[in-house]
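S.K.: By the count of the UniProt record's numbering, the sequence shown reaches residue 115 at its end, each step adding exactly one.
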Amino acid sequence: MFSNMDVLKMYSAMARHAAEAQTHASKNIAHADDPGYRATQLESFEDFLSRTALSSSQSPTFKVQDSGTPTSPNGNSVSVEHELYKSAEAMDQHQMALTVYTKSLDLLRAALGRR
Numbered sequence: 001m002f003s004n005m006d007v008l009k010m011y012s013a014m015a016r017h018a019a020e021a022q023t024h025a026s027k028n029i030a031h032a033d034d035p036g037y038r039a040t041q042l043e044s045f046e047d048f049l050s051r052t053a054l055s056s057s058q059s060p061t062f063k064v065q066d067s068g069t070p071t072s073p074n075g076n077s078v079s080v081e082h083e084l085y086k087s088a089e090a091m092d093q094h095q096m097a098l099t100v101y102t103k104s105l106d107l108l109r110a111a112l113g114r115r
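As structure tokens, this is what we get:
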């Protein structure tokens with residue numbers, strides 16, 4: 001069973017992951033016309049959790065990898081449609097993390113008698 005602090009740490013990490021994923025998507029879109037630019041992406045949050053489950057580090061870093069999208073004739077591998085989808089996914093992930101984080105804080109306040 002997870003403690004409330006474990007849940008808060010996990011959703012804090014989820015919010016950090018979403019923000020970092022959003023940064024990578026926007027960086028990729030900014031370089032969509034650069035010849036030879038290779039799009040990057042973060043490892044999935046599930047992969048991050050399984051990799052860091054036994055880690056005692058406070059805030060381990062997320063692994064960056066090649067996006068694996070096909071390259072255009074000029075060597076650029078950015079797919080604007082794919083990046084917009086990843087951006088929307090990151091926004092949803094961030095919103096979910098903030099909602100759960102807020103509700104967990106509300107539960108803690110209620111348990112302490114401060115509402």
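Just so it is clear, CB atoms sit at the ideal spot from N, CA and C, and this is done for glycine as well.
To the nearest angstrom, how far is it from the Cα of S12 to the Cα of D34?
M.R.: Counting from one through the sequence shown, the residue named residue 12 turns up at place 12. Counting from one through the sequence shown, the residue named residue 34 turns up at place 34. Rounded to whole angstroms, S12 to D34 spans 34 Å at the Cα level.
S.K.: How far does the beta strand (DSSP E) with D66 in it extend, from its first residue to its last?
M.R.: Locating residue 66 in the sequence shown gives position 66, counting from the first residue. 64-66 is the span of the beta strand (DSSP E), which, as asked, contains D66.
S.K.: Hey, out of Q95, F62, Y85, V64, whose CA is closest to I29's CA?
M.R.: What you label residue 29 is simply residue 29 of the sequence shown in a count that begins at 1. Of Q95, F62, Y85, V64, the residue nearest in Cα terms is Y85.
S.K.: Over the uninterrupted alpha helix (DSSP H) stretch that includes T52, give me the two end residues.
M.R.: Here residue 52 is taken as the residue at index 52 of the sequence shown, counted from 1. 45-52 is the span of the alpha helix (DSSP H), which, as asked, contains T52.
S.K.: CA-CA distance, H82 and A39?
M.R.: Indexing the sequence shown from 1 puts residue 82 at position 82. Indexing the sequence shown from 1 puts residue 39 at position 39. Cα to Cα, the separation comes out at about 10 Å.
S.K.: For the alpha helix (DSSP H) that T99 lies in, which residues bound it at each end?
M.R.: Here residue 99 corresponds to residue number 99 of the sequence shown, with the count starting at 1. From DSSP, the alpha helix (DSSP H) with T99 extends over 80-112.
S.K.: Measuring CA to CA, which of A25, Q95, M10 is closest to E46?
M.R.: Reading the sequence shown from its first residue, position 46 is the one you call residue 46. For the options A25, Q95, M10, the alpha carbon positioned closest to that of E46 is the one of M10.
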